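One structure below.
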Amino acid sequence: MKLHRLSVLSTLFGIGMLGVGLWVQATLTSAEIYALQNDVTLNNQSTFVGASMVPQDALRTGARSRAELIFNEGTLVRTGEGTTFRFPAGQRSFELIDGSTLLMIRPGLGASRINTPEANIVASGTALFVQHDAASDASVVGVLTESPAGPVTVTSRDGEVSVQLNAGQFVSVANGAVGFVENFILPVFYDTVDMAVGLAPGDTAYVALQPAAIQATLNAV
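Numbering-wise (my numbering), the sequence shown opens with residue 300 and increments by one.
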């Protein structure tokens, strides 16, 4: 898939919801797969709803496939098709190797880091999407909600260039170069990107159908 500046508005993500337990601490120790569709593997083995993911496990989705995770401290992660995703031990950090993901991070949990081969991202208490296309060595990062902790910071892989993003802004990082901060229309994103389900302001009917642990994060974000 060739990455374009606004491809995120029409090519990311999927949907689905089931339930899991409540979070107990801010450090990431495990995640539970609470929804999946089609071809999803964990460490190259077919996986299932309710499976546990621990540090360094590799979650992969095939074509027309998706998975959704809830972490022990309440962070929700939704992965799109063609995605490879994992998280390291002892950190608040996520790694997107290829593909697309949408993260919903509860306020008050501290800063989370999301790394791609092109970009290093720091976010607190917000919802954001991250896409990386390994074929073109390019990443896109966009922010959906404002955070009481401030903007999301996106830094190039060499650490030399950083930009800050507020809700409705995105940036591309390709071949070591950080692009211009640009705007996208949030209502269009909510209407056209399946994986944003439940995040649009006023989308209370959808949220009310979810288990308590999922509701808590959606409402907080």
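Built from N, CA and C at the ideal position, the CB exists for glycine as well.
Because the structure is a prediction, the values reported are computed rather than measured.
At the C-beta level, alanine 410 and valine 421 come within 7 Å of one another. Under the criterion of beta carbons closer than 8 Å, proline 387 and glutamate 380 do not qualify as touching, at roughly 24 Å. Counting C-beta atoms within 10 angstroms of its own C-beta, glycine 501 has fewer than 16 neighbours from the protein chains shown and is therefore classed as exposed.
In the three-state DSSP reduction, phenylalanine 370 falls in the strand class (E or B).
In this structure glycine 441 is not in contact with phenylalanine 479, their Cβ atoms being roughly 13 Å apart against a cut-off of 8 Å.
Per DSSP, isoleucine 413 is one residue of the beta strand (DSSP E) stretching across 411-414.
Of all alpha-carbon atoms in Arg405, Glu372, Val429, the one lying nearest the alpha-carbon of glycine 398 is that of Val429. With a cutoff of 7 Å on beta-carbon distance, valine 470 and valine 453 are scored as near each other.
The criterion of a C-beta distance shorter than 7 Å is not satisfied by glutamate 372 and serine 351. Separation of valine 520 and alanine 334 (C-alpha to C-alpha, rounded to the nearest whole angstrom) is 20 Å. When the beta-carbon positions are compared, leucine 408 and alanine 325 come within less than 7 Å of each other. Ranked by Cα distance from arginine 377, the options Met403, Ser392, Arg363 are led by Met403.
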